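Peer 1:
Numbering (UniProt numbering), first residue to last: 1 to 372.
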């Protein structure tokens with residue numbers, strides 16, 4: 001009986017050993033399978049990485065090929081431009097006459113310097129330099145004319161603006177195209193008399209009216225260009241600029257009405273009209289210092305008693321008979337006159353900023369900003 005039990009135990013041990021060996025083999029198989037799976041995933045990742053690298057290299061090769069093609073095209077175009085310029089220069093040299101240009105070399109260089117252009121190029125002849133100057137001057141005139149024709153404000157008719165611009169040119173009121181007369185004398189009174197000679201009262205009224213209208217319109221255009229959004233218009237600077245413009249419109253309205261009435265009946269003081277005509281003529285000729293001096297003479301006069309006081313006490317003052325109305329300050333006589341003469345002062349500032357003179361000695365250094 002004991003032998004049988006011992007045999008049974010031995011059999012059970014053998015079975016247990018066999019089962020343990022099976023579990024170990026299964027574990028080994030699982031480990032091997034997991035290792036094979038990880039190796040496969042790693043190979044897949046390396047293959048994808050390799051494919052991406054190959055694709056990137058191909059794209060780089062194509063990019064550099066296109067760049068090389070573009071570089072070759074640009075080089076060919078540059079060579080064509082160089083050849084065409086060389087042919088053009090040779091043709092210009094063939095067509096250039098042997099005589100000198102109508103303007104001297106120093107004057108041409110001075111005008112080019114004023115325009116902000118190089119005064120000469122390497123190998124440039126006098127005629128080529130003169131042609132370049134004429135080309136810049138023509139382009140400047142065309143651009144200015146185009147700017148005036150294109151910009152039409154709200155409520156304006158384009159045809160009316162064209163007629164107005166042509167009228168301004170006919171009356172010699174455009175500073176860019178105005179013909180500046182040659183002053184045969186150097187005295188202040190003689191120059192003023194030369195400008196007034198041969199000009200009728202009706203012509204003076206029309207010129208002053210057209211110049212004021214032109215300056216107000218260009219002032220409005222500059223304001224709308226600078227403050228082109230509602231935010232800028234409502235800002236402090238925009239509000240001050242537009243308020244100054246509207247105030248000038250109100251101030252100058254009585255003057256424009258008097259100028260229009262003067263076509264039918266003389267409703268404006270002739271001395272004031274002459275002073276205003278001289279001011280606008282000096283502004284058109286870009287003589288702003290002379291215009292400002294004439295404004296001061298009109299505003300405060302040049303007599304020892306500018307307030308208009310000619311009698312002090314019971315005795316007649318010496319030289320009282322020599323004091324004329326032109327030596328009395330017209331700006332202090334009437335509030336309406338004071339306002340429209342102040343408006344003329346603002347338009348002088350607008351004219352100087354819109355059409356600056358090439359000669360700085362003819363300009364006034366305005367510290368206040370009435371315009372933009």
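Heads up, the beta-carbon is just placed ideally off N, CA and C, and yes, glycines get one too. Quick caveat, the model's predicted, so the values are computed rather than measured.
1. So, at 8 Å on beta carbons, what are the nonlocal neighbours of residue 254 in its own chain, with the 5 sequence-adjacent residues on each side left out?
2. Assuming contact is defined by CB atoms lying nearer than 7 Å, are residue 272 and residue 208 in contact in what I supplied?
3. Between the segment 274-293 and the segment 227-238, do at least 3 Cβ pairs fall closer than 8 Å?
4. Residue 122 to residue 128, Cα distance in whole Å?
5. Can you list, in chain order, the residues of its chain whose CB lies under 7 Å from that of residue 12, leaving out five sequence neighbours each side?
6. So, are the CB atoms of residue 362 and residue 295 less than 7 Å apart?
7. Tell me whether residue 199 sits in a helix, a strand or coil according to DSSP, three-state version.
8. Beta-carbon within less than 6 Å of residue 78's beta-carbon, same chain only, minus the 5 sequence neighbours each way: which residues are those?
9. Restricting to Cα atoms, I'd like to know which of 64, 344, 278, 299 is closest to residue 244.
10. Does residue 69 pass the burial test, meaning 16 or more other C-beta atoms within 10 Å, or should it be called exposed?
11. What residue from 206, 205, 180, 202 has the CA that sits closest to residue 194's CA?
12. Does the Cβ-Cβ distance between residue 259 and residue 210 come in under 7 Å?
13. On the premise that residue 292 lies in contact with residue 221, defined as a C-beta separation below 8 Å, what is that separation, rounded to the nearest angstrom?
14. Let's see if you can read the secondary structure: which residues bound the alpha helix (DSSP H) around residue 238?
15. Just to confirm before moving on: does the CB-CB distance between residue 119 and residue 112 stay below 7 Å?
16. Would you mind sorting residue 200 into buried or exposed? The rule is 16 or more other CB atoms within 10 Å of its CB.
17. Would you check if the distance between the CB atom of residue 249 and the CB atom of residue 275 is smaller than 7 Å?
18. Given this structure, state the Cα-to-Cα distance separating residue 34 from residue 40, to the nearest angstrom.
Peer 2: Based on what the coordinates show:
1. Once the five neighbours on either side are set aside, the close Cβ partners of residue 254 are 336, 339, 340.
2. No, the pair does not count as a contact, with Cβ atoms beyond the cut-off.
3. Counting C-beta pairs closer than 8 Å gives fewer than three between the segment 274-293 and the segment 227-238, which falls short of the contact rule.
4. CA-to-CA, the gap between residue 122 and residue 128 works out to about 11 Å.
5. Once the five neighbours on either side are set aside, residue 12 has no close Cβ partner at all.
6. No, Cβ-Cβ distance for residue 362 and residue 295 is not below 7 Å.
7. Looking at residue 199 - three-state DSSP - the assignment turns out to be coil, as it is neither helix nor strand.
8. Spatial neighbours of residue 78 in its own chain (CB-CB distance under 6 Å, excluding positions within 5 residues in sequence) are not present.
9. For residue 244, the nearest C-alpha among the options comes from 344.
10. Counting C-beta atoms within 10 angstroms of its own C-beta, residue 69 has fewer than 16 neighbours from the protein chains shown and is therefore classed as exposed.
11. Comparing Cα positions, the closest option is 180.
12. Pairing residue 259 with residue 210 gives a Cβ-Cβ distance that is not under 7 Å.
13. Contact annotation, residue 221 with residue 292: C-beta distance approximately 24 Å; criterion of less than 8 Å not satisfied.
14. Per DSSP, residue 238 is one residue of the alpha helix (DSSP H) stretching across 236-261.
15. Against a cut-off of 7 Å, the Cβ pair of residue 112 and residue 119 comes out as a contact.
16. With fewer than 16 Cβ atoms within 10 Å of its Cβ, residue 200 is classed as exposed.
17. Note that the C-beta distance between residue 249 and residue 275 is not below 7 Å.
18. Spanning the two alpha carbons is a distance of roughly 10 Å.
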